[in-house]
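The structure appears below as C-alpha cells.
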DNA sequence: CCGATCTATAAGTATATGCTTATGGGTTGT
DNA sequence: ACAACCCATAAGCATATACTTATAGATCGG
C-alpha cells in the first residue's frame with residue numbers, strides 16, 4: 019500500500035504461512051538437509067524446496083550445499099525486520115498501556 | 019501444517035498484508051473512525067472495513083460504535099502471540115549466536 | 001561408468017486473497 | 001419523516017498462492 023520496506027514485506031509474508039513457520043521452527047533444532055525436512059512433514063519435496071526458497075529470499079534461512087545434500091539453517095538476524103517493526107512502536111505502547119514493557123521482560127529477563 | 023495456534027495464525031496472516039499493516043500502523047497515531055482511515059489510503063471503504071474485520075478477528079484492533087461512526091483503535095496485547103513466537107526461541111538464539119540479545123537491547127534499552 | 005540419490009525448477013491446478021461495485025441497516029440533522 | 005451520512009456485508013472478479021507431478025542437473029556408491 020505504501021511505505022513498507024521490501025525485506026519487511028518478505029519476512030512477514032514468509033512467516034504468514036503455517037507450513038513455512040513449521041519448517042523454520044523445525045530448523046531451530048539444528049541444520050538439516052532438505053530430505054530430512056521433507057520427512058518431518060506431509061508435503062512433497064518440491065513443496066518444501068519452494069518454502070525454503072521463500073524463507074531464504076526473506077533472509078530467514080541459508081542453505082549450504084554439501085555433496086548432494088543442501089543443509090539449511092536458521093539465520094537469526096533474519097528476524098531483525100520483525101523485531102524492528104515491533105520496536106518502532108515501543109514509545110506508543112509504553113505511553114498508552116505499558117503492556118509491551120511486561121511482554122519484553124519475558125524476552126529479556 | 020501442524021501445531022500452530024489459531025490465534026497465532028491469524029496474527030501472522032493479518033500482518034502479512036501491507037495494506038493491513040499500514041492501517042494498523044496508522045491507528046498507532048490514535049483511534050479513528052472508518053471514514054478517516056479510508057481517507058488515508060487509496061482503497062475503497064469496503065476494502066478498509068474488510069481489513070479492519072480481519073485485524074479485529076486477529077485481536078489486533080477493536081472497534082467501538084459511537085453514533086454512526088465506528089472508532090477503531092489498536093489493541094497492544096494483540097501483538098503478544100507475535101512476541102511469544104519470537105520469545106519461544108530465545109534460548110536457541112542466545113545459545114547459538116547471541117544475536118537476538120543485541121536486538122532485544124534495542125527494544126528494551 | 002551407471003544407477004541411485006538429492007535437490008531445484010517447470011508446468012499445471014485448485015483454492016485463497018484482495019479488491020471492486022452494489023446494497024441494506026443504523027444513525028443523525030432538518 | 002426524509003434525506004444524508006456511516007459502515008458492514010454480499011457478490012463477483014482477477015491475481016496470488018500453495019500444492020501437485022514431471023523432469024533435469026549434480027553428486028555419490030559400487
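Chains as they are written, first to last, in this note's numbering: chain A, 19 to 127; chain B, 19 to 127. For glycine and all other residues, C-beta sits at the position ideal for the given N, C-alpha and C.
With a minimum length of 3 residues, the unbroken runs of beta strand (DSSP E) contained wholly in the region 78-110 of chain B fall at 79-84, 87-92. In the DSSP assignment, the residues bridged to residue 50(B) are 90(B). With the criterion set as a beta carbon lying under 7 Å from some beta carbon of chain A, the members of the region 27-38 of chain B are 27, 30, 31, 33, 34, 36, 37, in sequence order. Here the C-alpha atom of residue 94(A) lies approximately 38 Å from the C-alpha atom of residue 89(B). Closer than 7 Å at the C-beta level to chain B, one finds these residues of the region 43-71 of chain A: 46, 59.
With a cutoff of 8 Å on beta-carbon distance, residue 76(B) and residue 32(B) are scored as near each other. For residue 35(A), there is no enclosing alpha helix (DSSP H), as DSSP marks it with neither H nor E.
For a cut-off of 8 Å, the C-beta gap from residue 91(B) to residue 101(B) is around 19 Å, too long to register as a contact.
The CB of residue 97(B) comes closer than 7 Å to the CB of 104 in chain A, given here in chain order. Not a single C-beta of chain A is nearer than 8 Å to the C-beta of residue 80(B). Membership of residue 71(A) in the alpha helix (DSSP H) is indicated by the continuous run 63-75. When Cβ-Cβ separations below 8 Å define contact, residue 101(B) makes contact with chain A. When rounded, the separation of the alpha-carbon atoms in residue 99(B) and residue 59(B) is 27 Å. Between residue 52(A) and residue 29(A), the alpha-carbon positions lie close to 21 Å from each other. In the same chain as residue 23(B), and ignoring 5 residues on each side of it, the C-beta atoms closer than 8 Å to its own belong to 99, in chain order.
For the pair residue 63(B) and residue 82(B), the Cα-to-Cα distance works out to about 17 Å. Between residue 37(B) and residue 55(B), the gap from beta carbon to beta carbon reaches 8 Å or more. With fewer than 16 neighbouring CB atoms inside 10 Å of its own CB, residue 47(A) falls in the exposed class.
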